[in-house]
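Working notes, structure below.
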Amino acid sequence: MNFKSSLIIIYILLIMFLIVPVTSAEMIKVESGWEASVFGNVGGDNKITAENFAIQELDDGRIKMMSANNSGKIESSSEGIAYYFKKLKQEDNFEMTVQTKVESFDMNNQVSFGIMLRDKVLYNENNKKDIGYALAVGPLNVTKDTPTTAFYRTAEGQKKLGELVNGAVPAPELSYQVQLKKSANTYWLKFGEEKPVVIEDFNGFEGEDLFAGLYTSRNTTVYYSDLEFEEIKEVAELKTDTSDFKTDYLLEEDFELEGLEVTAEFADGSSKKLSQEDYIVTGFDSSEAGENTITIHYGGAQKDLELNINELSATDLEIKYYSAKTDYYLGDKFDFEGLTVIAEYNDGYRRETLAAADYTVEAAGAEITEADFVFESAGEKVIFVIYNENPEVSTDFTVDVSDAELKELEIKNKPSKTLYFPGEELKLDGLSVYASYADGNSIRLMRDQYQVSGFNSETAGNKKLEIEYKDQKTKMDYRVKEKELEGLKIVKYPQTTIDFAEEFLAEGIKVAKVYDNGDQEILDSDEFEIDSSNIDNQKEGKYKVKIIPESDNLEAIDFEVTVRETKDYSWKAINFGQSAAADKTFVEIKEDAVEIASIDGGGKVATDHDGIAYYYTVLDAEDNFELSAAVKVIEYAKDPHDGQEAFGIMARDAIGEDGDTGVFASNIAGVGGYSGGSKDPNGTQLFYRTGVESPDGKGSNGNQGLMIEEVKPTPENTHPAEEYRLTLAKTNSGYVGSLNGEKEEILFEPELLKVQNDKIYLGFFGARIGHIEVSNIDLKVSNAETDAPQVIPPAEPVEPEINLLSLTETAVKDYQLITEANVAGSLTVKQGKEIIAADQKVEAGKEFKLISELKANAQNDFTLIFLPDDTQKLTDYDRIIENFTVQMKTYRDGKVIYVAPEGSANGDGGQENPLDLDTAAAYSQPGQRIVMLSGHYLRDQKLEIKEYNEGTPENYKYLTAAEDAEVVIDFDKKTEGIILSGDYWHIKGIDVTNSAANEKGMVIGGNHNIVEKSRFYNNGNTGLQISRTDITEDDKDKWPSHNLILNSTAYDNVDPSNNNADGFAAKLTSGEGNVFKGCIAHNNIDDGWDLYTKVGTGAIGKVVIEDSVAYNNGTLTDGTVGSGDKNGFKLGGEGVHVPHLIKNSTAFGNGAVGFASNSNPGVRAVNNISFNNQGGNIVFTTYDGIKEDFVIEEFVSFATKEIEADSYPKAEASNHNFFYNGEKSTNINNVEISEANFESLEIELPLTRNEDGSIITGDFLEFTSPMFK
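Structural data, given as structure tokens:
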């Protein structure tokens, strides 16, 4: 071999070395008998690196597995995984159990981990086709409403199984036990606390080999521990002893394994008595009566057992709610409506409401049906209710029948339609008929109670309807007339605005004959002529075009066409509004496209204002327009989205100054990618904001959207990958948003953008994460005066409803019943059979209140009978009947109620037999104390203290930890936290943790509450927030007020987007008089405190913060750095003036500003210290044009490291304020302070407290002013 050939071979080997993945020791570290591999659809061989994957056996026995940087996936046709496994044969049977702890987990539907079986393994190879088939137990589809817990993929495709409903969606620090059992072709799969998934007769694997192991995919790091793998030797036979085993069941009864003894006889002659955890049971089904065969599976063997499922037998009937009508007149039919019958089965096994078909109603020995039973004699009548399947089971109740004479029928309101055309059907909407009796009562009749005759629309003329009820009749006039031709109408207009020298074309015009009954007949093009000879396209003006019908009995009509000077609309680029900094929002004009970008969280479409990159032109607000373009999405919205991102076409009535990042609000109409909230669907919408009177957002009604297509726009489903053309049009009827010229929505608000300006700003935009490219832009502008006339949408009828607002669980005997209807009407209230309020007037949207005395420690049944006022435009005028039950219950005669993690509703509230927390909260009395015994209160639902569950000013309700107890209320990442909507509660000494993603630890929506010595940590959003809990409540006087948060701490609160979770907040909708005293907020992902105010909702109430500390916010205690604001005290928002007061408080080490006005021009700060806050110790500024009204007294700002200089009004400089200028801290006379002015600049964290709850800071930041020497 010559030298040249050797070089070629070396070169080839080098190339091969570079392109073949090398498994590094850092990626795979396995020294046991197990194997490891990264393979499948992992994104390419070059992705198989230690940066993207890890499979490592650790010294402590755990296995660390990682899939990172979007490498690998679980998808419908393949898997790309890190796999830790052992090789088996398909006939092997085994059990496998492992404990998992999540270190990281991205919320993505292709991320997963757990136990997986496969029939093929590749060794560190990227291949998405030839990878065999799989069966796994592990979370999948985690962003869906209900994630799954198992899946398999065979030659027929992928199938997902199980529901993740009991446990939390995987997140850092959460742990799950994962289990898999195999017995022949039956598999038992269990993830965490979820219901096991059983797969029978699975034949999806191919070949002879089987691999069992652990896996990760996509973006997750998991530590596996306590791995147990037990291979089951060959089983010859399963033997069972059922002598103590339950084999008779009732319908729907749950299966019980107790008493069943199962013994495995092995092929080697040995045997083993099996526990319930060893074997798999399949086949149980108690949904139908009859024989039921179950099968026991273990080690590949199986044994059938026979069960009996027995029919239920009713043993008692009970009237839960009486029929709404229990008082009758002679000749009335029995009224079933509202009657609710409860059956008890098998002496208490089950109680359920019966369907009407399950029982018979009798009176005087005659069966009552819906159609025929009439009361023919007066007096008290007994009504019998008889169970059909066993007539010996029955109950009864009584009704009263009056013999008062029916005097007359009265039509109090005629129907809305009294004019008819031939062939039309009778419509009686709005008709109200009353029966007047000799006893003075006038009863409104329901539509099915009276008969109507005499209607005939076949011939024209003035006619009469006859209305009959019992032996009385009355008449009503109506008219029938032949339809008459009214003339011609343009039903679709052509283009009605043309430029100079442009030829008018009537393309698209549609003309119809119109009749007075609303009928239209479209004319063919040869049935009329267009005469446009009047148009002079060389002269600006409006010209009439005639439509001349061929028929002599039709008159010609005309419409106008505008000729206007050709206008070249110039386009400009701008970025403005909150967060729309130039480095994050920009417009780039290319040769055949325009790129509009808002990246890295720049800008926003908030509820009441916007920060956007905008490529726009300016139109006259009186004109109409149509703007369309093909849109390519480069990047849009995080996953999950935060609700403020958007892109597309936007029209506005005002814009801000280029580069101005202050709040700027306008009315808008837009079409494109939009959600409007983190919990709202993200798709293509027509969205809009109304009511804005000025750029500060005054009057804003907030944003709303009309969904066009509920699919999140992505690079894969927009131009050019798929057709995605947006159009926004303004017509005389309103604003129309459409997608691809097909799907559209319309907002009937043509005057929307005529508030702030006589111009409309129209163009393309991006906000938050909205990065797009638009091309094939087409703009048409037309004169509104000659466009198609406005279409007024018909008024929508209201669907009447009535809601119960008051409690259904109470300890108060004098119960206040509160209801509210959305329409006017009359209300009758029954308690049991007794009418306690009759025909009470109810106003639409107004609360109706009534005091009723409850039976003590009993269920109290109520019926609401609401009759809508028939003068309103409604969908239905029939009465509404609502039944409800109020449980009145008290515990321990007002003495202390004890609760415990293991407490239950069956307890008595004593220390030895405690209640559960929810029961105690619902039934505590004013002045009574609920004492929580030490323990971990793990929950799968929110703890809600509802409105009207309240103490009094003299007698608070108390929820406190027992003395020296450690009480943790843990929401297990599944749900909201504590929702306190009641008044006068004192909560003390509890920990609140692990609320679900985007859910707060505690929300206070009530008044005069005290939360003391409590901690809020690891929640999925803000730790504790004061704001309304009824999202429909716009009355600021009803927003939560006069609450005190005392000596409490919030830390490590973090939302999925890493930018929203604060420690404490009183924001958006909090009322007057709320106080935080002696509180600590540290290491929250966003701000320590947030007092944000929106211009649209207006100023919140003044908040006082005193004797409190905010430190290290913006970074969690584990070092995770957030992407939010990171302020210590954020004291306002959007330039809204609120005179919040912060005093005697300290901020240090925060990732942004220590004390931030956040544009609120009215903050008062007295005697505060700010130290080493990265974005500045104090920034008290507001927007241009807003008058400053700050008060800063005795403020000390100091730094020992490089931080931003303070920003504050120069008028606030004084002898006793020391501000930091980027180099030193001085007062107005340039007196400088140094470390010598502080007793100490060092402190051990976290801060601790004294016995009384006060904060221990020692001599940290103890300041001696040089002005007091």
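In the working numbering, the protein residues as written are 3 to 1271. Ideal Cβ positions, reconstructed from N, Cα and C, are used throughout, including at glycine. Since the structure is predicted, the reported quantities are computational estimates derived from the model, not experimental observations.
Check	Outcome
Which value, in whole angstroms, describes the spacing of the CA atoms of L1048 and N1229?	33 angstroms
With a cut-off of 8 angstroms, do at least 3 Cβ pairs link the stretch 28-44 to the stretch 53-62?	yes
Would you call the stretch 100-117 and the stretch 139-147 touching, i.e. three or more CB-CB distances under 8 angstroms?	yes
Quick one: what does DSSP say T921 is sitting in, helix, strand or coil?	helix
Once the 5 residues before and after T921 are set aside, which same chain residues still bring their CB inside 7 angstroms of it?	A907
Going by beta-carbon coordinates alone, are A653 and G672 separated by less than 8 angstroms?	yes
Among V1106, Y1053, G605, I1102, whose alpha-carbon lies nearest the alpha-carbon of G1116?	Y1053
Below 8 angstroms on the Cβ atoms is my guess for E647 versus I771; work out the distance and round it to an integer in Å.	5 angstroms
Could you tell me which residues DSSP puts in a beta bridge with P870?	G827
In this structure, what does DSSP give as the bridge partners for V1077?	L1046, V1106
Check for me: the beta strand (DSSP E) holding H1142 runs from which residue to which?	Counting along the chain, H1142 falls outside any beta strand (DSSP E), and DSSP gives it neither H nor E.
Please go through the stretch 354-427 and give each complete beta strand (DSSP E) segment of 3 or more residues, from N-terminal end onward.	361-365, 368-370, 381-389, 396-404, 408-415
Between which residues of its own chain and D644 is the CB-CB distance below 6 angstroms, once the five residues before and five after are set aside?	S680, S1059
What residues in its chain sit with their C-beta under 8 angstroms from that of S79, if we drop five residues either side in the sequence?	K130, R155, G159, Q160
Return the Cβ separation of E695 and G701 in integer angstroms, given the expectation that the two are a contact with Cβ distance under 8 angstroms.	4 angstroms
Any contact between the stretch 420-436 and the stretch 371-388? By contact I mean 3 or more CB pairs, one from each, below 8 angstroms.	no
Would T880 and R446 qualify as a contact pair, given that the criterion is a beta-carbon distance under 8 angstroms?	The sequence given here places Asp at residue 880; Thr does not occur at that position. Going by C-beta atoms, D880 is not nearer than 8 angstroms to R446.
For Y638, is the classification buried or exposed, using 16 other Cβ atoms within 10 angstroms of its Cβ as the cut-off for buried?	buried
Let me check one thing: in DSSP terms, what residues is W1091 bridge-paired to?	F1066, F1131
Measuring CB atoms only, is the stretch 595-607 touching the stretch 747-761, in the sense that at least three cross pairs come out at less than 8 angstroms?	no
Given P717, which residues of its chain have a CB within under 7 angstroms of its CB, disregarding the five upstream and five downstream residues?	V635, I636, A723
Tell me, to the nearest whole angstrom, how far the beta carbon of N1252 is from that of I1258; I am working on the premise that it is less than 8 angstroms.	6 angstroms
Start and end of the beta strand (DSSP E) containing A345?	342-347
Does the Cβ of V24 have 16 or more other Cβ atoms within 10 Å, making it buried, or fewer, making it exposed?	Confidence is the limiting factor: at V24 the pLDDT is only 43, short of 50, which leaves the residue's position unreliable and the question unanswerable from this model.
Excluding the 5 residues flanking T587 on each side, which residues of the same chain have their C-beta closer than 6 angstroms to its C-beta?	N577, S600, G604, G605, A615
When the distance is taken between beta carbons, is E1074 closer than 8 angstroms to F1043?	Note that residue 1043 corresponds to Ser in the displayed sequence, not to Phe. Yes, the Cβ-Cβ distance between S1043 and E1074 is below 8 angstroms.
Would you mind listing the beta strand (DSSP E) stretches within the stretch 31-108 that are 3+ residues and don't spill past its ends, in chain order?	37-42, 55-59, 65-73, 81-91, 95-107
Of all the options I867, Y361, K815, which has the alpha carbon lying nearest to the alpha carbon of A823?	I867
Would you call the stretch 776-791 in contact with the stretch 662-671, where contact means no fewer than 3 C-beta pairs closer than 8 angstroms?	no
Contact check, A1158 vs V1181 under 8 angstroms by CB: the rounded distance?	5 angstroms
Comparing C-alpha positions only, which one of Y1019, L467, I820, Y347 sits nearest to L1118?	Y1019
Who does G292 pair with in a DSSP beta bridge?	I311
Specify whether the stretch 933-951 and the stretch 964-972 touch according to this definition: at least 3 beta carbon pairs, one from each stretch, less than 8 angstroms apart.	yes
Indicate the three-state DSSP secondary structure (helix, strand or coil) for E914 in the structure shown.	coil
Look at the Cβ atom of E263, then the Cβ atom of K274, and state whether they are nearer than 8 angstroms.	no
Near N205, what residues of its chain come up, given a Cβ to Cβ distance below 7 angstroms and the 5 sequence neighbours on each side ignored?	N187
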